[in-house]
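**Q**
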Amino acid sequence: MMLLTGCEQDSTLEVPHTFVTESPSVSPEPTATASPVPSQSVQPSSTPAASPMKEPAGFETGLPKEEAVVAESKKQTKKSELKPIYSVGKGKVAITIDDGPTKYTAELLKVLREQNTHVTFFFLGQNAAAFPQSVTEAVYDGHEIGYHSDTHPQMTQMTYDAQNLEFNSGLSKLVKLDKQPVTLFRPPYGAYNNDTKLVTEEHHMQMVLWNEDPQDWATNDPSQVVKSVLAQVESGSIIVMHDHPSTIAALPGIIKGIRSKGYTLVTVTH
Numbered sequence: 327m328m329l330l331t332g333c334e335q336d337s338t339l340e341v342p343h344t345f346v347t348e349s350p351s352v353s354p355e356p357t358a359t360a361s362p363v364p365s366q367s368v369q370p371s372s373t374p375a376a377s378p379m380k381e382p383a384g385f386e387t388g389l390p391k392e393e394a395v396v397a398e399s400k401k402q403t404k405k406s407e408l409k410p411i412y413s414v415g416k417g418k419v420a421i422t423i424d425d426g427p428t429k430y431t432a433e434l435l436k437v438l439r440e441q442n443t444h445v446t447f448f449f450l451g452q453n454a455a456a457f458p459q460s461v462t463e464a465v466y467d468g469h470e471i472g473y474h475s476d477t478h479p480q481m482t483q484m485t486y487d488a489q490n491l492e493f494n495s496g497l498s499k500l501v502k503l504d505k506q507p508v509t510l511f512r513p514p515y516g517a518y519n520n521d522t523k524l525v526t527e528e529h530h531m532q533m534v535l536w537n538e539d540p541q542d543w544a545t546n547d548p549s550q551v552v553k554s555v556l557a558q559v560e561s562g563s564i565i566v567m568h569d570h571p572s573t574i575a576a577l578p579g580i581i582k583g584i585r586s587k588g589y590t591l592v593t594v595t596h
């Protein structure tokens, strides 16, 4: 089970301490977190929350590289070969935005238009149903749309069947609005196990994680968000951010700063 930071939700989950290492294939680039990051090159978040979901207590900062030993569904004996994506190509940086759409998404899209920048959104099914116009607007503007579950649960605490039900429930809401195949999935909290990977594969999707986490959800100070992003960003970075007011205010400075370093802003698969 992979455990990553990057989403907010009130809960008190314990993280298992027994690990086995899984080695993602090396990609053109890790990002600027303090420790080396596995990477894989890319070929080619009821009522919505007004702010990103808080990560559970006990989660580590950065990008853990181990998959925890957890109880799997007895029905599933197949070992998934799915390799999560952690980075994009050399000289490129991808901004990804989780947990939307929310009441702030329209303003976020306006800022992105002004900056002539495309991002990859990881939308929640329940929020897509509540803010359908924001989904269609994001598609119209040319942003890449990924899936972030229906209700933002801790999927590694669920059976295979429960994960599959959660996956199907929200995906149907999103595809109805996107009107095109959704091929990218980011598990809530970046936490996954073999069942999560199997469900992702069975839906013909790629799992996308990240290698830069500025923890934008933890501050209301846009300047701090800008500083954190630019201190970490490297060639190939996939930056995890959230549909949150301070993030929106920080985006112009982030975008300009990344470009000033000579990097090209892309979506995850382009």
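Per our numbering, the very first residue in the sequence shown carries number 327; after that it's consecutive.
Beta carbons are placed, not taken as given, at the ideal position from N, Cα and C, and that holds for glycine.
Since this is a predicted model, take the numbers as computed values, not measurements.
#1: Give the C-beta separation of K499 and A454 to the nearest angstrom, bearing in mind that I take them to be a contact with Cβ-Cβ under 8 Å.
#2: Curious, which full-length beta strand (DSSP E) runs of at least 3 residues does the segment 560-592 contain?
#3: Name the residue from Q532, K587 and V534 whose alpha carbon lies nearest to the alpha carbon of V555.
#4: Who are the near neighbours of I581 in its chain, counting only those whose CB is closer than 7 Å to its CB and skipping five residues on each side?
#5: Beta-carbon separation of M533 and K523 under 8 Å?
#6: Between which residues of its own chain and P513 is the CB-CB distance below 6 Å, once the five residues before and five after are set aside?
#7: Under 8 Å by Cβ, that's how I've got L491 and S475 pegged, so tell me the actual separation to the nearest angstrom.
#8: Hey, would you say P410 sits closer than 8 Å to F457, going by beta carbons?
#9: Helix, strand or coil for G468, going by three-state DSSP, please let me know.
#10: Out of curiosity, what's the CA-to-CA distance linking A432 and V552?
#11: Roughly how many angstroms separate the alpha carbons of P571 and Y518, rounded to a whole number?
#12: Using the rule of at least 16 other Cβ atoms within 10 Å of the residue's Cβ for burial, across every protein chain shown, is P507 buried or exposed?
#13: Could you check what DSSP says for L408 in three-state terms: helix, strand or coil?
#14: Along the chain, where does the alpha helix (DSSP H) containing V437 start, and where does it finish?
#15: P540: which of Q452, G562 and T573 sits nearest, CA to CA?
#16: Under a Cβ-count criterion, where at least 16 other Cβ atoms within 10 Å of its own Cβ denotes burial, should N546 be classed as buried or exposed?
#17: Does the Cβ-Cβ distance between G417 and T446 come in under 8 Å?
#18: Do H568 and D425 count as a contact pair if the criterion is CB distance below 8 Å?
#19: Taking the continuous beta strand (DSSP E) assigned at F448, which residues delimit it?
#20: Alpha carbon to alpha carbon, what distance is there between G579 and N537?
#21: To the nearest angstrom, how far is the alpha carbon of P548 from that of A576?
**A** This is what the structure holds:
#1: Your pair K499 and A454 checks out as a contact, with CB atoms roughly 5 Å apart and the cut at 8 Å.
#2: For the beta strand (DSSP E) assignment, the uninterrupted runs of no fewer than 3 residues enclosed by the segment 560-592 are, from N- to C-terminal side, 564-568 and 590-592.
#3: Each of Q532, K587 and V534 was checked against the Cα of V555, and the nearest Cα belongs to K587.
#4: Excluding residues within five positions, the ones whose Cβ falls inside 7 Å are Q441, T443 and L591.
#5: Closer than 8 Å, so yes.
#6: Contacts found: M481 and T522.
#7: At roughly 11 Å, the Cβ-Cβ gap does not stay under 8 Å, so L491 and S475 are not in contact.
#8: Contact check for P410 against F457 fails: the beta carbons are separated by 8 Å or more.
#9: Here G468 carries a coil assignment [DSSP, helix/strand/coil].
#10: Roughly 21 Å separates the two Cα atoms.
#11: A direct Cα-Cα distance of roughly 28 Å separates P571 from Y518.
#12: The residue is exposed, with fewer than 16 neighbouring Cβ atoms inside 10 Å.
#13: When secondary structure is reduced to three states using DSSP, L408 falls in the coil class, being assigned neither helix nor strand.
#14: From DSSP, the alpha helix (DSSP H) with V437 extends over T431 to E440.
#15: With distances taken between CA atoms, P540 lies nearest to T573 out of Q452, G562 and T573.
#16: It counts as exposed.
#17: Going by C-beta atoms, G417 is not nearer than 8 Å to T446.
#18: With contacts defined as CB atoms closer than 8 Å, D425 and H568 qualify as a contacting pair.
#19: Counting along the chain, the beta strand (DSSP E) containing F448 begins and ends at T446 to F449.
#20: Going from the Cα of N537 to the Cα of G579 covers about 20 Å.
#21: P548 and A576 have their C-alpha atoms some 5 Å from each other.
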